[in-house]
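Colleague: Line order of the protein sequences matches chains A and B. The opening position of the first sequence corresponds to residue 61 in my numbering, with each subsequent residue numbered one higher. The opening position of the second sequence corresponds to residue 61 in my numbering, with each subsequent residue numbered one higher. Submitted below is the structure of interest, expressed as structure tokens.
2 protein chains.
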Amino acid sequence: MAKAELTAAADTNLHDELRGRFGERYSTAAAVRDHHGKDDSHHPVIPPDGVVFAESTEEVAFAVRTCARHGVPVIPFGAGTSIEGHVQAVRGGISIDMSGMNRVLAVRPDDLDATVEAGVTRMQLDRELRGTGLFFSVDPGADATLGGMAATGASGTTTVRYGTMRDNVVSLTAVLASGEVVRTGGRARKSSAGYDLTNLLVGSEGTLGVITELTVRLHPVPEAMAAAVCAFPGMEEAVGSVVEAVQMGIPVARAELLDGTAMRAVNGYSGYAYAEAPTVFFEFHGSEDEVRAHGALIEEISRGLGGSAFEYARQQNERARLWKARHDAYPALLGLRPGCHGLTTDVCVPVSRLARCIAESEEDLKTASMPWGVVGHVGDGNFHAVFIIDPDSEAELAEAEAINERIVRRAIAMEGTCTGEHGIGLGKIGYLESEFGTAGVAAMRAVKAALDPQGIMNPGKVTG
Amino acid sequence: MAKAELTAAADTNLHDELRGRFGERYSTAAAVRDHHGKDDSHHPVIPPDGVVFAESTEEVAFAVRTCARHGVPVIPFGAGTSIEGHVQAVRGGISIDMSGMNRVLAVRPDDLDATVEAGVTRMQLDRELRGTGLFFSVDPGADATLGGMAATGASGTTTVRYGTMRDNVVSLTAVLASGEVVRTGGRARKSSAGYDLTNLLVGSEGTLGVITELTVRLHPVPEAMAAAVCAFPGMEEAVGSVVEAVQMGIPVARAELLDGTAMRAVNGYSGYAYAEAPTVFFEFHGSEDEVRAHGALIEEISRGLGGSAFEYARQQNERARLWKARHDAYPALLGLRPGCHGLTTDVCVPVSRLARCIAESEEDLKTASMPWGVVGHVGDGNFHAVFIIDPDSEAELAEAEAINERIVRRAIAMEGTCTGEHGIGLGKIGYLESEFGTAGVAAMRAVKAALDPQGIMNPGKVTG
């Protein structure tokens, strides 16, 4: 309906109003629209009708107010690195590109926090924090924007120690469907004041508001860090090493699993020579003594499970090289079959059930006709099977989706979730009700209708 | 309006329906109603019209559905230990006493979590976890129920290390205003699926639903623990020692401030002989080496600020005695003026501003005509000034509230919050708008109206 309005008489007025305010920073060029109608996944391009390149909260508010007056959808766009179809303009509308809102507004070492505009990317923040003795912990593979990471409830390799975006967003500024600007809190480390609007917006994928600024937690760079690589005879043993460490409360900073296929892909993509077996990349943070002690404890656990001797990386450049291998796993897997797209599962289960969940899921995966690999944030109970599918083959897409469905149903039956960190987007709407029941989804829809009565905020996502 | 209905014709039917279902477990006795219309604070008794003693989620759902049909308010009641007037029946209605829902349903050492009914108290859970090697970390002073602690977004002395209820509730089961039962998630350690209903209910103080079950995180009991007491020449130095430790990333497990008055009260209440000076109670958790190292680092910081030599408590019974002193601070302060009530401030500010916030607040406090003392969760930026007021003196209440208002306005101006852990209840409704702006409060009211269109869930609290 909104789409219909946009292509009718209201269309010209809306375009004129946006062009009048944003000039060159409003574009309806086909290439620009196409770029804003796709993400890093297999989901097809569905372009918006125009793209605003916003540079301030006030500009975002103007764009939202204008769209609201015309009843036209608004879709926030960060770096376009999401993978569940979050940015596709399924009902048309205006994409708001946040990449111009890329200022780090404040870094406060005394409070271990920073305030940034939503278009700042995680690597940009890393660079700006150099020399402060602080770091921002959440690191999804892609160089996503902080606003996008908050909107999808992202996490990463250090979540086992430092938490998800949810744990690391202190408060945020957002433009609601009415065009009003709301700040969800101050900078205190805790608060019991009112409903938790921060956590309502984190993970809402642009369907409740456009996040324009965030205050995030920073962590002191540990005195010592060491990474270690360990190959295992099988997936069960690899998973077991991490789960045992977590159960014992050993504060591992990272524990990332790659299966043999992913290791082969990484070797080929970046010229490494790792064993092409199930492997865990560990990292330990703390004082020199703690790092040594944690490493020794986990190496002992790993050896008991048939793991190889730990291959340590202690220097910054060695560790960076090692973690680049892990972060490259997704493009490396895609590289196994050039020209293909990824379809990625994202289930997360209680850690005690992870080994069984992966083992049973691998039985499903083995039936696949296309290549696939598994990577996992094992300490969180979260793993991804990446299917490498021919973008022109509907049969492959259907096959991968059918296996994904089996994996999701199993995870939910194990008291897990269909998505540990990628979000619902378009791809997982069908699982929401099995995870939360009709009453849970009805409550979500009631909240959505209350905050966005016209249904213009990234419509068609999350609750459908 | 709801109150008027209850006292009219609907009244009899409602009482009959509840009596029919609950028998002896539905009471309209004056003493029972009075007990359920007050909490641990200065707020006056406002009794409900009847009290249901529920024993299952289905019973809570029945009571809520019945009240909803009659348009009558529902007020959940845990241990009655809240202190902002959360349980007062300001518009009449039915109190649902959750203390009969006191079963620990599951403890899962392999997943470091437990599922409990909402009426389980924190000390009961402590007892039931003995011998498992695990503990539940959140410890407000009172022996509150877990459901009540979730509803108010409680925290405690270990929050600086292990987080608030928000950080420790994995998911929960709640009865919504419609009488429908919703489960807000599974048991995975993270999820990006849909809107965060868990965090929407945590801190909602019964205004969005009645929490009936919770899955909470547990933590492994550390290999070693040591507590230490350190007296300082002044409040600024005492606060400074903790803030510096937090800023350096030293993982202190507890860091609790008591001013000279609170120390005097504690000595008198429990027969201790501590110095009656600003004092910090520290605790360190980890391996033997870590505990020694963290203690030494913080002792060095403290000495630099004029702190006394650390007086260590390493054995379980010594530590328990030390922490009992801290947990007794509130009743001990009340004991300074027998027969009086407490009015407690609860601001929380960014840690870099805490010393200044306390110093400026003490200037306000010094004008008070009644006794007061200060205790603080310094590592979180949270402190409480406890006014000990004559329950029959409206002038003292007004005076304490006026000073509280100055403390709150200052904290909000410092990007802090009016409540770090006690919640809004009746007592802090007036500050919500200064903290979140009109747009923020309007968003909260929209959420409330969406999930509770009749306004029957603990009406008059949080958003008013």
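For each residue, glycine too, the CB sits at the ideal point set by N, CA and C. Computed from a predicted model, the values in this text were never measured in an experiment.
Pick out whichever of A:R81, A:V312, A:V235, A:A123 has its Cα sitting closest to the Cα of A499 (chain B).
Modeller: Along the second sequence, read from residue 1 onward, the residue named residue 499 (chain B) stands at position 439. Considering only alpha carbons, the answer is A:V235.
Colleague: Check whether the Cβ atoms of M161 (chain A) and P136 (chain A) sit closer than 8 angstroms, and answer yes or no.
Modeller: On the first sequence, position 101 is the one that residue 161 (chain A) refers to. On the first sequence, position 76 is the one that residue 136 (chain A) refers to. For M161 (chain A) and P136 (chain A), no; Cβs fall outside 8 angstroms.
Colleague: Under the rule that 16 or more other beta-carbon atoms within 10 Å means buried, what is T72 (chain A), buried or exposed?
Modeller: In the first sequence, counting from the first residue as 1, residue 72 (chain A) sits at position 12. Exposed.
Colleague: Would you please state the rounded distance, in angstroms, between the beta carbons of H102 (chain A) and H345 (chain A)? I believe it to be under 8 angstroms.
Modeller: For the purposes of this step, residue 102 (chain A) is taken as residue 42 along the first sequence, with counting starting at 1. For the purposes of this step, residue 345 (chain A) is taken as residue 285 along the first sequence, with counting starting at 1. H102 (chain A) to H345 (chain A), Cβ: 36 angstroms. No contact.
Colleague: I'd like to know whether the C-beta atoms of G223 (chain A) and G328 (chain A) end up nearer to each other than 8 angstroms.
Modeller: Position 163 of the first sequence holds residue 223 (chain A). Position 268 of the first sequence holds residue 328 (chain A). Contact: no.
Colleague: Going by other Cβ atoms of all chains shown within 10 Å of its Cβ, with 16 needed for buried, is D452 (chain B) buried or exposed?
Modeller: Here residue 452 (chain B) is taken as the residue at index 392 of the second sequence, counted from 1. With fewer than 16 other Cβ atoms within 10 Å, it is exposed.
Colleague: For G480 (chain A), which residues in the same chain have their Cβ closer than 8 angstroms to its Cβ, ignoring the five residues on either side in sequence?
Modeller: Numbered from its first residue, the first sequence carries residue 480 (chain A) at position 420. S215, D406, V407, C408, H437, D440, G441, N442.
Colleague: Please list, in chain order, the chain B residues whose beta carbon lies closer than 9 angstroms to that of A353 (chain A).
Modeller: Here residue 353 (chain A) refers to the residue found at position 293 of the first sequence. Chain B residues near A353 (chain A): S347, D349, E350.
Colleague: Let's test the definition: count the other Cβ atoms within 10 Å of the Cβ of L425 (chain A) and tell me whether it reaches 16, buried, or not, exposed.
Modeller: Indexing the first sequence from 1 puts residue 425 (chain A) at position 365. The residue is buried, with at least 16 neighbouring Cβ atoms inside 10 Å.
Colleague: Does the segment 201–219 of chain A come within contact of the segment 248–257 of chain A, defined as at least 3 CB pairs closer than 8 angstroms?
Modeller: no
Colleague: Which two residues bound the contiguous alpha helix (DSSP H) that contains F122 (chain B)?
Modeller: Within the second sequence, residue 122 (chain B) is the residue found at index 62, counting from 1. Taken as a continuous stretch (DSSP letters only), the alpha helix (DSSP H) holding F122 (chain B) covers 117–130.
Colleague: Considering only the beta carbon of each residue, do A353 (chain A) and G476 (chain B) sit closer than 8 angstroms?
Modeller: Start at 1 with the first residue of the first sequence, and residue 353 (chain A) comes out as number 293. Start at 1 with the first residue of the second sequence, and residue 476 (chain B) comes out as number 416. For A353 (chain A) and G476 (chain B), no; Cβs fall outside 8 angstroms.
Colleague: To the nearest angstrom, how far is the alpha carbon of A510 (chain B) from that of G520 (chain B)?
Modeller: What you label residue 510 (chain B) is simply residue 450 of the second sequence in a count that begins at 1. What you label residue 520 (chain B) is simply residue 460 of the second sequence in a count that begins at 1. Answer to the nearest angstrom: the Cα atoms are 16 angstroms apart.
Colleague: Interface residues of chain B around S215 (chain A) at Cβ under 7 angstroms?
Modeller: As a first step, residue 215 (chain A) is located in the first sequence; it is residue number 155 there, counting from the start. K250, listed in chain order.
Colleague: Helix, strand or coil for C290 (chain B)? Go by DSSP, reduced to three states.
Modeller: Start at 1 with the first residue of the second sequence, and residue 290 (chain B) comes out as number 230. Three-state DSSP puts C290 (chain B) in a strand.
Colleague: Only counting the same chain, and skipping five residues up and downstream in sequence, which positions put a Cβ closer than 8 angstroms to that of A333 (chain B)?
Modeller: What you label residue 333 (chain B) is simply residue 273 of the second sequence in a count that begins at 1. Taken in chain order, the residues that qualify are N327.
Colleague: Take the Cβ of V180 (chain B) as the centre, count every other Cβ of all protein chains shown within 10 Å, and call the residue buried at 16 or more, exposed below.
Modeller: Residue numbering aside, residue 180 (chain B) sits at position 120 when the second sequence is read from its first letter. So V180 (chain B) counts as buried.
Colleague: Rounded to whole angstroms, how far is the Cβ of G483 (chain B) from the Cβ of E265 (chain B), which I believe are closer than 8 angstroms?
Modeller: For the purposes of this step, residue 483 (chain B) is taken as residue 423 along the second sequence, with counting starting at 1. For the purposes of this step, residue 265 (chain B) is taken as residue 205 along the second sequence, with counting starting at 1. Between E265 (chain B) and G483 (chain B) the Cβ distance is about 5 angstroms, and since that is below 8 angstroms, they are a contact.
Colleague: Thinking C-alpha only, which one of B:P108, B:T141, B:H96, B:K98 is nearest P391 (chain B)?
Modeller: In the second sequence, residue 391 (chain B) corresponds to position 331, counting from 1. Nearest option by C-alpha distance: B:T141.
Colleague: With distance defined between alpha-carbon atoms, name the residue in A:H279, A:D319, A:M308 nearest to M295 (chain A).
Modeller: Counting from 1 along the first sequence, the entry for residue 295 (chain A) is found at position 235. Nearest option by C-alpha distance: A:D319.
Colleague: Smallest Cα separation from A178 (chain A): which of A:V262, A:R125, A:F370, A:V522?
Modeller: In the first sequence, counting from the first residue as 1, residue 178 (chain A) sits at position 118. When only C-alpha atoms are compared, the closest one is A:V262.
Colleague: What residues of chain B sit near E475 (chain A), judged by a beta carbon separation below 8 angstroms?
Modeller: The sequence position of residue 475 (chain A) within the first sequence is 415, counting from 1. Correct list: G246, R247, A248.
Colleague: Have a look at I271 (chain B) and G246 (chain B) and give me their C-alpha separation to the nearest angstrom.
Modeller: To locate residue 271 (chain B), count along the second sequence from 1; it is residue 211. To locate residue 246 (chain B), count along the second sequence from 1; it is residue 186. Going by the C-alpha atoms only, they are around 15 angstroms apart.
Colleague: What whole-angstrom Cβ distance do T258 (chain A) and L232 (chain A) have, given they're in contact under 8 angstroms?
Modeller: Reading the first sequence from its first residue, position 198 is the one you call residue 258 (chain A). Reading the first sequence from its first residue, position 172 is the one you call residue 232 (chain A). Contact holds; Cβ gap of about 6 angstroms.
Colleague: Could you check the C-alpha separation between T321 (chain B) and D171 (chain A) for me, to the nearest Å?
Modeller: Taking the first residue of the second sequence as position 1, residue 321 (chain B) is located at position 261. Taking the first residue of the first sequence as position 1, residue 171 (chain A) is located at position 111. Their backbone Cα atoms lie some 29 angstroms apart in a straight line.
Colleague: Find the nearest neighbour of S155 (chain B) within the set B:E118, B:T192, B:I143, B:D94, judged by alpha-carbon distance.
Modeller: Position 95 of the second sequence, counted from the start, is the residue given in the question as residue 155 (chain B). Of the residues B:E118, B:T192, B:I143, B:D94, the one whose Cα lies closest to the Cα of S155 (chain B) is B:D94.
Colleague: For V124 (chain A) versus V134 (chain A), is the C-beta distance shorter than 8 angstroms?
Modeller: The sequence position of residue 124 (chain A) within the first sequence is 64, counting from 1. The sequence position of residue 134 (chain A) within the first sequence is 74, counting from 1. Yes, Cβ-Cβ distance for V124 (chain A) and V134 (chain A) is below 8 angstroms.
Colleague: Using beta-carbon positions only, say whether D173 (chain B) and V303 (chain B) come within less than 8 angstroms of one another.
Modeller: Along the second sequence, read from residue 1 onward, the residue named residue 173 (chain B) stands at position 113. Along the second sequence, read from residue 1 onward, the residue named residue 303 (chain B) stands at position 243. No, they are not a contact pair.
Colleague: Would you kindly work out how many angstroms separate the C-alpha atoms of E461 (chain A) and E316 (chain A), rounded to a whole number?
Modeller: On the first sequence, position 401 is the one that residue 461 (chain A) refers to. On the first sequence, position 256 is the one that residue 316 (chain A) refers to. Taking the straight line joining both Cα atoms gives about 25 angstroms.
Colleague: Which residues in chain A sit within 8 angstroms of A506 (chain B), going by Cβ to Cβ distance?
Modeller: As a first step, residue 506 (chain B) must be located in the second sequence, where it is residue number 446. Going along chain A in sequence order, the residues near A506 (chain B) (Cβ under 8 angstroms) are A510, L511.
Colleague: Suppose the cutoff is 7 angstroms on Cβ atoms and the five residues either side in sequence are ignored; what does the same chain contact list for R397 (chain A) look like?
Modeller: Locating residue 397 (chain A) in the first sequence gives position 337, where the first residue counts as 1. Excluding residues within five positions, the ones whose Cβ falls inside 7 angstroms are P431, I448.
Colleague: Could you check which residue in B:P104, B:I516, B:K98 has the C-alpha nearest to that of G138 (chain B)?
Modeller: Reading the second sequence from its first residue, position 78 is the one you call residue 138 (chain B). Of the listed residues, the one whose Cα sits closest to G138 (chain B) is B:K98.
Colleague: Could you name the residues that DSSP lists as bridge partners for Y86 (chain B)?
Modeller: Position 26 of the second sequence, counted from the start, is the residue given in the question as residue 86 (chain B). DSSP, once it has assigned bridges, lists B:V112 as partnering Y86 (chain B).
Colleague: Measuring CA to CA, which of A:E454, A:G80, A:P104, A:T523 is closest to T126 (chain A)?
Modeller: Looking up residue 126 (chain A) in the first sequence gives position 66. Nearest C-alpha to T126 (chain A): A:G80.
Colleague: By the three-class DSSP mapping on this structure, what secondary structure does C417 (chain B) have?
Modeller: Translated into the one-based positions of the second sequence, residue 417 (chain B) becomes position 357. If DSSP states are grouped into helix, strand and coil, C417 (chain B) belongs with the helices.
Colleague: Does the Cβ of R374 (chain A) have 16 or more other Cβ atoms within 10 Å, making it buried, or fewer, making it exposed?
Modeller: The sequence position of residue 374 (chain A) within the first sequence is 314, counting from 1. Under this definition R374 (chain A) is an exposed residue.
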